[in-house]
């Protein structure tokens, strides 16, 4: 019996592994990116997470996308998606080594401001298939003001009802294996005076404070976010501060400090054979050193289980020769999974191996120009001519199969292009 139990444990261990995702939400209040990102992104962590999912609110006039991309590119991360709804910006980065396991990246937007006509409030959402599971990250900015609890509930309902995805198995947000919901949710503290809240903060009695938190109350009543979980909140309220200080709102309004900025998660209690879905919060914290906004950033580092088997995207490149002369034409062969529907808008891009994002392709070919070798086994090829390649630097490159909307479907092994062989 002990031997059988041990074998089952070994089988389960071999059938699942844990990967890590770093989630960050920050209402930046229209301010520029900071000069230093180490603490904000936990860049001192070793090893770094496999995925960074970043949600910003109230972005205005500054290039946060380039700032995050430059920093994370130096750490071997690739920006696989960015989507914005007015000031609500969502960025998704994956470690370069994990790109072969990424596919079906999609995004959706929902406007909830002024009855759904304005995008100052709402959600910018990104989803993907990753190593055999599907993941969705919802970045939201909900209705403001202490008394607008019902408006926030209606915002969440509108986001859930309006966002639809192409994947038939996970066309709704809550159908995904893992749901991470982040953002400025704008829930406030009820029933307590400002002086009482400040007293509890001074005593670090956050648990008493959270008993009066509107988000916790509506969750307890099952009005929204039923079955969603949150890490232990062991940090002070993240709103509202005087800019560049640790002082809560000293204006005439003297707003009551609140936990407006949150990270929630949900996963299905489902077994896929030997794989049981699971997610654990490794850290949940605010970042008090970032004081440029009236909000403090909030981050969570989480581990989640995925199959240990290498489940690739729908397109696999078959490179026999990893050294090629750029003065010649070169045919590249690839295999398409039988259940994957190609489109005339699909394209294959040639990138330097250390590319930071999918906008950095150097050459491309439409898949309509690709030649199918056989129709039965779904093998195909694409040719890049010497006239396309000869102007490139002697360097290391990869090919990426992309959809019209910029979703990665397959990435080749690295290969060298040189002037001579």
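In the working numbering, the protein residues as written are 1 to 421.
We put the CB at the ideal spot given by N, CA and C, even for glycine.
- Message: Starting from residue 155, trace the alpha helix (DSSP H) in both directions and tell me its first and last residue.
- Response: 149 to 162 is the span of the alpha helix (DSSP H), which, as asked, contains residue 155.
- Task: Could you tell me the boundaries of the beta strand (DSSP E) in which residue 315 lies?
- Result: That run of the beta strand (DSSP E) goes 315 to 318.
- DSSP state of residue 6 mapped onto helix, strand, coil: In this predicted model, residue 6 has a pLDDT of only 27, less than 50, meaning its place in the structure is not dependable enough to derive any value.
- Task: Measure the C-alpha to C-alpha separation of residue 408 and residue 153 and round it to an integer number of angstroms.
- Result: If I take the Cα positions, the gap works out to 34 Å.
- Task: Could you check what DSSP says for residue 206 in three-state terms: helix, strand or coil?
- Result: Three-state DSSP puts residue 206 in a helix.
- Message: For residue 219 and residue 119, I'd like the C-alpha separation in whole angstroms.
- Response: If I take the Cα positions, the gap works out to 25 Å.
- Query: Can you list, in chain order, the residues of its chain whose CB lies under 6 Å from that of residue 201, leaving out five sequence neighbours each side?
  - Reply: Cβ within range, chain order: 236.
- Taking just the CA atoms, how far does residue 131 sit from residue 403? If you take the alpha carbons of residue 403 and residue 131, they lie about 19 Å apart.
- Item | residue 247, buried or exposed, once every other Cβ within 10 Å from all chains shown has been counted against 16 | Taking all protein chains shown into account, residue 247 has fewer than 16 neighbouring C-beta atoms within 10 Å of its C-beta and is therefore exposed.
- From residue 357 to residue 308, what distance separates their C-alpha atoms? Looking at the two C-alpha atoms, the distance is approximately 26 Å.
- Item | Where residue 296 falls: helix, strand or coil (DSSP) | Looking at residue 296 - three-state DSSP - the assignment turns out to be coil, as it is neither helix nor strand.
- Message: In this structure, how does DSSP classify residue 230 when only helix, strand and coil are distinguished?
- Response: When DSSP states are grouped into helix, strand and coil, residue 230 belongs to the strand group.
- Whose CA, out of 117, 216, 66, lies closest to the CA of residue 85? Nearest of 117, 216, 66 to residue 85, Cα basis: 117.
- Query: Can you tell me the Cα-Cα spacing of residue 189 and residue 78, whole angstroms?
  - Reply: The C-alpha of residue 78 is placed about 39 Å away from the C-alpha of residue 189.
- Message: Just to confirm before moving on: does the CB-CB distance between residue 18 and residue 300 stay below 9 Å?
- Response: Against a cut-off of 9 Å, the Cβ pair of residue 300 and residue 18 comes out as no contact.
- Item | Residues near residue 140 in its chain [Cβ-Cβ closer than 6 Å; skip 5 each side] | Within the same chain, 123, 183 come within 6 Å of residue 140 by CB-CB distance, once the 5 residues on both sides are set aside.
- Query: Would you say residue 257 and residue 210 are within 9 Å of each other, going by their C-beta atoms?
  - Reply: Contact: no.
- Query: Sorted by chain position, which residues of the same chain lie with C-beta nearer than 8 Å to residue 249's C-beta, five sequence neighbours on each side aside?
  - Reply: Once the five neighbours on either side are set aside, the close Cβ partners of residue 249 are 240, 241, 242, 255, 257, 294.
- Item | 7 Å CB neighbourhood of residue 68 in its chain, flanking five on each side removed | In chain order, 54, 91 place their CB closer than 7 Å to the CB of residue 68, counting only its own chain and leaving out the 5 sequence neighbours on each side.
- Task: List in chain order: all unbroken beta strand (DSSP E) runs of 3+ residues lying wholly within the stretch 335 to 393.
- Result: List check, beta strand (DSSP E) in window: 347 to 352, 363 to 366, 371 to 374, 379 to 384.
- Query: Looking only at C-alpha atoms, which of 399, 181, 135, 32 sits nearest to residue 365?
  - Reply: Minimum Cα distance to residue 365 is reached at 399.
- For residue 290, which of 27, 23, 103 has the nearest alpha-carbon? Ranked by how close their Cα comes to the Cα of residue 290, the residues 27, 23, 103 have 27 in first place.
- For the alpha helix (DSSP H) containing residue 402, list its first residue and its last residue. Not the alpha helix (DSSP H): residue 402 falls in the beta strand (DSSP E), residues 395 to 402.
- Contacting residues, own chain, Cβ-Cβ under 7 Å from residue 60 (five flanking each side not counted): Here the set comprises 30, 87.
- Is the stretch 374 to 393 touching the stretch 325 to 333 in the sense that three or more CB pairs, one from each, lie closer than 8 Å? Below 8 Å, enough C-beta pairs join the stretch 325 to 333 and the stretch 374 to 393 to call them touching: three or more.
- Item | Limits of the unbroken alpha helix (DSSP H) element including residue 214 | Looking at the DSSP string, the run of the alpha helix (DSSP H) that includes residue 214 is 214 to 220.
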